[in-house]
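Some notes on the structure that comes next.
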Amino acid sequence: MFARQFRVKSNTAIKGSDRRKLKADISAAFPSLSADEISELVPNKEELNVVKIYAHKGDAVTLYVLHKNPLFFELEKRLYPTVYVLWRYPALLPTFRTWPPVLQKLIGGADLMLPGVVVPSSGLPDVKQGDCCAVTVVNNRAPVAVGTAAVSTAEMHGLGMKGRGVCVLHAYMDTLCEMVKDQACSGIEELSLAEQEEEKGQRDNEEEEGNEDDKKMLYPDSTEIMDALLLQCFLHALKSKVKKSELPLLTSTFLRNHMFSCCPNGKQLDIKKSSYKKLSKFLQAMQQQHNLVRVKELTKGVESIVEVDWKNPELRYFSVPEETDVEAAQVQDGGEGETPYHPPEITTLYSVSARLEPLFLDANKRKGTMLLPADMRNIVTEYVKKHELVDENNKNYVTINPILCDCLLEKYEYQEVESLKWDDLFMILYIHTNLEVYGLDPAVVATALQHRVQASSVIQPIPGSKDKVLVQIQGNQIHQAGNLLLDHYQIPRKYIQGLEKAPKGGKKK
1 MFARQFRVKS NTAIKGSDRR KLKADISAAF PSLSADEISE LVPNKEELNV VKIYAHKGDA
61 VTLYVLHKNP LFFELEKRLY PTVYVLWRYP ALLPTFRTWP PVLQKLIGGA DLMLPGVVVP
121 SSGLPDVKQG DCCAVTVVNN RAPVAVGTAA VSTAEMHGLG MKGRGVCVLH AYMDTLCEMV
181 KDQACSGIEE LSLAEQEEEK GQRDNEEEEG NEDDKKMLYP DSTEIMDALL LQCFLHALKS
241 KVKKSELPLL TSTFLRNHMF SCCPNGKQLD IKKSSYKKLS KFLQAMQQQH NLVRVKELTK
301 GVESIVEVDW KNPELRYFSV PEETDVEAAQ VQDGGEGETP YHPPEITTLY SVSARLEPLF
361 LDANKRKGTM LLPADMRNIV TEYVKKHELV DENNKNYVTI NPILCDCLLE KYEYQEVESL
421 KWDDLFMILY IHTNLEVYGL DPAVVATALQ HRVQASSVIQ PIPGSKDKVL VQIQGNQIHQ
481 AGNLLLDHYQ IPRKYIQGLE KAPKGGKKK
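Residue numbers (full-length UniProt numbering): 1 to 509.
In structure tokens:
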């Protein structure tokens, strides 16, 4: 919530009655705090301010600040402590522990996922879904994040420690934490050597006494297992998916269209969880250590597989897993081969972008969620009605609130546009979303075109686009390209742009 800079709406000194109410609210929300501790946090005659802000996603938040140090923040009438308060009272909330590298992800706005939770021998804290909780890192008792439990403790175990664990609202070093002026608490307190030794001994006992399932829960991302899975999918793809006629083949296309499809059922291929971390490093190892392929940078910044050693013993004697033998036989041909082609079933979908995500959170739709146009209209309509944004004087207009402002308007429109027509609202909304691709391999299309027109073709990266390429063919081949897409791939004409630019045949003289 505070990963990016927030906008201050007002900053006022707290009134006496509001100070008493705040103390009562703190006591009700955190009953473990004594009256003296609450008085220490909220003293009677010291500077205490109420700061109302808008978070970068549009959430209205109230901060309670003592001597420019944020103590609590209130969101949707619920009170949460800041890490500044938790440094002083580390046992205030039930706590989940994770590994130090995860902290950077939390600072960046990520939630704590269950595979990254370290399970102590005493077990996880007992929480219900929505309970306020804190996050610490191994070897440090100072909380580094505050959020709510995504599911109950029982559900965490029932899910096999997979999925979302804590929905993080505030983390160490975010923009809220930057407000802290108290140098005595402006860093994370390290454990004493004795405490570190005690915690290390506890982890050693967990490893010795825990069964294999417990160990998998503690260390869920085994690089050795992922390395082996990568190699298996790589060899499988080379042996049963890639044809010599497809070379050179973009490495990103090889991963997306071939390696992923060779992943066994029930497993997930994730290079980031391997020892290689990047596809380029993995392919470099396949080239230098295994002599299986040769990778070359044909255009600046874009690598392709240009050669495969089909006689390599490791590849020749590799056995394709039985569960994917059927899939191996269904390799897509270069466009006009013997394998029957099945045209894609095209459905217009819209993807929730990062900018639009705050508008869809009420419907639990996050960034990347695909929606039908009707579903998108329904969700936005419900949002407008729920927040009472329909103009009272003219029902055809929608009043722009901070979230709609940030999601739909350009900066120069912030002070000018106060309302939009329903039709204009949906038009802008659709412009901000992206139509998904149709599942055609650019390399396969390029080869098919090359065979049709007997001209050279090349695949070039699109400037400014990641992993997107452009198929170029020599000469004006709009007719041939259009016929290939319309007749062979059976893509509806309405989805193909540029057909009108094909040269028109004139009368022969």
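For glycine and all other residues, C-beta sits at the position ideal for the given N, C-alpha and C.
inquiry  = For a quick check, are the C-beta atoms of V168 and L106 less than 8 Å apart?
reply    = Annotated as proximal: V168 and L106, with beta-carbon spacing under 8 Å.
query = Around the Cβ of G108, are there at least 16 other Cβ atoms within 10 angstroms (buried) or fewer (exposed)?
reply = Burial call: exposed.
inquiry  = By alpha-carbon positions, which one of V144, Y80, K128 ends up nearest to D174?
reply    = Of the listed residues, the one whose Cα sits closest to D174 is V144.
key: CA nearest to the CA of V390, picked from V50, V293, K421   = The candidate whose alpha carbon is nearest that of V390 is K421.
key: Helix, strand or coil at E500 [DSSP, three-state]   = Residue state, collapsed to three classes: helix.
message = Is it the case that the stretch 369-389 contacts the stretch 70-82, given that we only count it when at least three CB pairs across the two stretches are under 8 Å?
response = Not touching, per the Cβ criterion.
ask   = If you draw a straight line from the alpha carbon of Q415 to that of S39, how long is it in whole angstroms?
value = C-alpha separation (whole angstroms): 43 Å.
inquiry  = Once DSSP output is grouped into helix, strand and coil, what is the label at Y84?
reply    = DSSP, reduced to helix, strand and coil, places Y84 within a helical segment of the structure shown.
ask   = Among V102, F360, D362, L349, which residue has its Cα nearest to the Cα of A374?
value = Per the Cα distances, L349.
ask   = Just to check, is the beta-carbon of T12 closer than 7 Å to a non-hydrogen atom of the ligand COA?
value = This structure does not include the ligand COA; it has no bound ligands of any sort.
request  = Check whether the Cβ atoms of L279 and L315 sit closer than 8 Å, and answer yes or no.
outcome  = Their beta carbons are not under 8 Å apart, which means L279 does not touch L315 by this criterion.
task = Helix, strand or coil for Y350, going by three-state DSSP, please let me know.
result = Annotated three-state conformation of Y350 is strand, per DSSP.
ask   = For Y317, does the three-state DSSP call read helix, strand or coil?
value = Shown here, Y317 sits in coil according to DSSP, grouped into three states, outside any helix or strand.
Three CB pairs or more closer than 8 Å across the stretch 261-275 and the stretch 287-304 = As far as the Cβ criterion goes, the stretch 261-275 does not touch the stretch 287-304, which means the pair count is below three.
query = Is the distance from the Cβ of T369 to the Cβ of V352 below 8 Å?
reply = Cβ atoms of T369 and V352: closer than 8 Å.
query = Is A110 closer than 8 Å to G130 when the C-beta atoms are compared?
reply = Going by beta carbons, G130 and A110 fall outside the 8 Å limit.
query = Which of the three DSSP states, helix, strand or coil, is assigned to A28?
reply = A28 falls in the helix class under three-state DSSP.
inquiry  = Let me confirm a value: D362 is counted as buried when at least 16 other C-beta atoms fall within 10 Å, else exposed. Which label applies?
reply    = Per the 10 Å Cβ criterion, exposed.
message = Tell me which residues share the same chain as L48 and place their Cβ nearer than 6 Å to its Cβ, disregarding the 5 neighbours each side in the sequence.
response = The residues I14, L66, in chain order, have a CB closer than 6 Å to that of L48 in the same chain once the five nearest residues on each side in sequence are set aside.
query = Name the DSSP beta bridge partners of K421, please?
reply = Looking at the DSSP assignment, K421 forms a beta bridge with Y397.
ask   = For V83 versus V151, is the C-beta spacing smaller than 8 Å?
value = No, these two residues do not count as a Cβ contact at 8 Å.
request  = Quick one: grab the DSSP three-state call for Y412.
outcome  = Helix.
Secondary structure of L48, DSSP reduced to three states = Strand, per DSSP.
message = Give the list of continuous alpha helix (DSSP H) stretches no shorter than 4 residues that lie fully inside the stretch 57-123.
response = Qualifying alpha helix (DSSP H) stretches, in chain order: 83-88, 102-107.
message = Tell me whether the stretch 49-62 and the stretch 151-160 touch, counting them as touching only if at least three CB pairs, one residue from each stretch, are closer than 8 Å.
response = Contact between the stretch 49-62 and the stretch 151-160 is absent, because fewer than three Cβ pairs lie under 8 Å.
Of the listed residues N364, T62, N44, nearest to T12 (C-alpha basis) = Out of N364, T62, N44, T62 has the C-alpha closest to the C-alpha of T12.
query = What does T148 pair with, by DSSP beta-bridge criteria?
reply = Looking at the DSSP assignment, T148 forms a beta bridge with C132, C167.
inquiry  = I believe T95 touches C133 by the beta-carbon criterion, under 8 Å. Please report the beta-carbon distance rounded to the nearest angstrom.
reply    = That pair is a contact at about 7 Å.
ask   = Going by beta carbon distance, what residues of the same chain come within less than 8 Å of V137, once the five residues before and after it are set aside?
value = Taking V137 as the centre and dropping the five residues before and after it, the same chain places the C-beta of R97, T98, W99, P100, V102, L103, V144 closer than 8 Å to its C-beta, in chain order.
key: First through last residue of the beta strand (DSSP E) which encompasses A13   = Unbroken beta strand (DSSP E) run through A13: 7-13.
task = Buried or exposed for P492, please, with buried defined as at least 16 other CB atoms from any protein chain shown within 10 angstroms of its CB.
result = Exposed is the call here.
query = Going along the chain, which residues of its own chain have a beta-carbon closer than 8 Å to the beta-carbon of I459, five neighbours each way excluded?
reply = If you ignore the 5 residues before and after I459, its C-beta comes within less than 8 Å of the C-beta of L250, P442, A443, A446, V469, L470, V471, Q472, all in its own chain and listed in chain order.
query = Quick one: what's V308 bridged to in DSSP?
reply = DSSP, once it has assigned bridges, lists V293 as partnering V308.
message = For a test of the three-state rule: what should DSSP assign to L356, helix, strand or coil?
response = Reduced to three states, the DSSP call for L356 is coil.
key: CA-to-CA distance, L112 to G163, given in whole angstroms   = Each residue's alpha carbon lies about 9 Å from the other.
query = How many Å lie between R88 and S27 at the Cα?
reply = For R88 and S27, the distance between alpha carbons rounds to 16 Å.
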